Amino acid sequence: MGVIPVAFSLFASFISSVSMIGIPAEAYIFDSMVMWGAVAAPISIYLSAYIYIPIFYNLKLTNAYE
41 MGVIPVAFSL FASFISSVSM IGIPAEAYIF DSMVMWGAVA APISIYLSAY IYIPIFYNLK
101 LTNAYE
């Protein structure tokens with residue numbers, strides 16, 4: 041599978057239809073706080089990918105509950 045279908049699949053599973061309906065209302069009520077959530081998401085993904093996932097991989101764990 042190519043990069044584009046995987047990216048669309050991850051996007052579709054990450055953002056639900058309820059979120060797509062609720063985000064404009066939340067942006068109207070809380071103004072720029074929605075923007076900070078959009079800034080925090082890539083930072084948390086980066087930290088997970090380069091800090092937590094290698095630790096789990098080296099410990100040979102498949103999930104956080106082991």
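Here the sequence shown stands for residues 41 to 106, where the numbers follow this note's numbering.
Think of the CB as a built atom: it goes at the ideal place given N, C-alpha and C, for glycine as much as any other residue.
Every value quoted in this text rests on a predicted model; they were computed, and no experiment measured them.
When secondary structure is reduced to three states using DSSP, S56 falls in the coil class, being assigned neither helix nor strand. Taking the C-beta atoms as reference points, V74 is found nearer than 8 Å to E66. DSSP, reduced to helix, strand and coil, places G62 within a helical segment of the structure shown. Collapsing the DSSP output to three states places S49 in a helix. In the DSSP assignment, L99 falls outside any alpha helix (DSSP H) and carries neither an H nor an E.
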